[in-house]
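Reminder that position 20 of the sequence shown reads as 20 in the working numbering, one-by-one numbering, no gaps.
We put the CB at the ideal spot given by N, CA and C, even for glycine.
Computed from a prediction, not measured in an experiment: that's the story for all the values here.
See below for the structure under consideration.
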Amino acid sequence: MRRSRTELYSDQKSMFETIIVFVIIGLIITGILVNPMLIKRRINRLKRRSFPSFWNAIIENNLPIYLYLSADERRRLQGHIQVFLTQKQFIGCRGLQVTEEMKIIIAAVACLLLLNERGQYFPRLRSILVYPSAYIVKETAAIGDYVVEERRVARLGESWTKDQLILSWKQVKQDTINWQDGRNVVLHEFAHQLDQEDGKAEGVPILQRNSDYQTWAKVMTEAYQQLGNDVLQGVNTVMDSYGATNPAEFFAVATETFFEKPHQLLSYHPAVYQQLQSYYQLNPVQWNYPSSVTFIQ
Ligand SMILES: [Zn+2]
């Protein structure tokens, strides 16, 4: 049977279209498989880049805990800082020029949270807005049924579920040098980022195993309720009373305490310490950072 020229042309066309579709599918599959490998290779290359000695000096002079890390931990922290700095954009606000020193200090404290190879660098976060000092925001709150009160509130930092985090540089500097009081705005806001990795701010970051969530919920809920009761009764607490605000703030405050007052947290809330140790894969009591704060509970 002889086929017409039009039929042949139509067959060739559909074959060509089928090939194109297969090529596109192939490229997409290759992209899905190869892209994460390329990203991982790029990250590993960045981590191996030599760490500028003046960056090291900035950290040594501003972040006292750095000198208490093991040599291996310092090297890993340096690698994470290199990656962090290529992935995040710093934006100076209200006339602030963000200097290299500011970037290195913020990155160094934030990357302490990632020290043990979590593999992700705050994936939802793109920009870090830095204000010279506390910044004022307008807050509206409903009072009764009809009245809405507008308040002007000073803030030191905040973390948004979308892609931004805001810091007051004055507070960053003060909290970083003073590494003993359990208060650190960078640790706090970046802990919120970890909490928000799954899209929700509820005090539960992504844990290693599904079976971990039950214990986490039990331990953290008990400690959160205890903190709330202690705050109501005016008891002096290891964790900052702000942690009693809600479970998300509790996780952020517990993280600050874990890194800055590990001995006190381990003594008074061993189960909370253990959960955070398992989550961060770190044991800060081993750093032997001198604790000058005597604590009575
Ligand atoms: Zn907070």
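According to the neighbour-count rule (16 or more other Cβ atoms, all chains shown, within 10 Å of its Cβ), is residue i buried or exposed?
{"i": "Ser159", "result": "buried"}
{"i": "Gly26", "result": "exposed"}
{"i": "Gln297", "result": "The pLDDT assigned to Gln297 is 44, lower than 50, so where the model puts this residue is not dependable, and the model offers no usable value."}
{"i": "Ala110", "result": "buried"}
{"i": "Thr18", "result": "exposed"}
{"i": "Gly319", "result": "Only positions 1 to 297 of the chain appear in the structure, and residue 319 is not among them; the question remains open."}
{"i": "Glu100", "result": "exposed"}
{"i": "Thr221", "result": "exposed"}
{"i": "Thr86", "result": "exposed"}
{"i": "Asp11", "result": "exposed"}
{"i": "Leu298", "result": "With the chain covering only 1 through 297, there is no way to say anything about residue 298."}
{"i": "Tyr213", "result": "exposed"}
Give me the Cβ distance between residue i and residue j, rounded to the nearest whole Å; I'm assuming they're in contact under 8 Å.
{"i": "Gln193", "j": "Arg124", "result": "7 Å"}
{"i": "Trp287", "j": "Leu69", "result": "6 Å"}
{"i": "Thr58", "j": "Ile105", "result": "The displayed chain sequence assigns Ile, not Thr, to residue 58. So it is a contact: roughly 7 Å between Cβ atoms."}
So the candidates are the options; which of them puts its Cα closest to the Cα of residue i?
{"i": "Ser278", "options": "Leu114, Gly79, Thr99", "result": "Leu114"}
{"i": "Leu168", "options": "Phe250, Gly92, Gln120, Leu67", "result": "It should be pointed out that residue 168 corresponds to Ser in this sequence rather than to Leu. Closest by alpha carbon: Gly92."}
{"i": "Met239", "options": "Leu227, Arg74, Leu38, Ala71", "result": "Leu227"}
{"i": "Asn116", "options": "Arg76, Leu129, Ile136", "result": "Arg76"}
{"i": "Leu156", "options": "Lys162, Ala248, Leu129", "result": "Leu129"}
{"i": "Gln164", "options": "Arg183, Arg94, Ser127", "result": "Ser127"}
{"i": "Ser267", "options": "Phe250, Ala252, Val285", "result": "Val285"}
{"i": "Gly243", "options": "Gly182, Val253, Phe16", "result": "Val253"}
{"i": "Leu46", "options": "Gly79, Ala217, Val23", "result": "Gly79"}
{"i": "Lys88", "options": "Thr176, Phe190, Leu38, Asn246", "result": "Phe190"}
{"i": "Glu197", "options": "Glu73, Phe251, Thr255, Phe122", "result": "Phe122"}
{"i": "Phe84", "options": "Ala107, Asp230, Tyr131", "result": "Ala107"}
{"i": "Glu260", "options": "Val235, Leu276, Leu207, Pro247", "result": "Leu276"}
{"i": "Pro290", "options": "Gln274, Ala271, Tyr273, Pro262", "result": "Pro262"}
{"i": "Thr176", "options": "Met37, Arg48, Asn61", "result": "Asn61"}
Across which residues does DSSP place residue i in a beta bridge pair?
{"i": "Leu67", "result": "Leu67 pairs with nothing; no bridge assigned."}
{"i": "Gln89", "result": "Ser127"}
{"i": "Tyr135", "result": "Arg155"}
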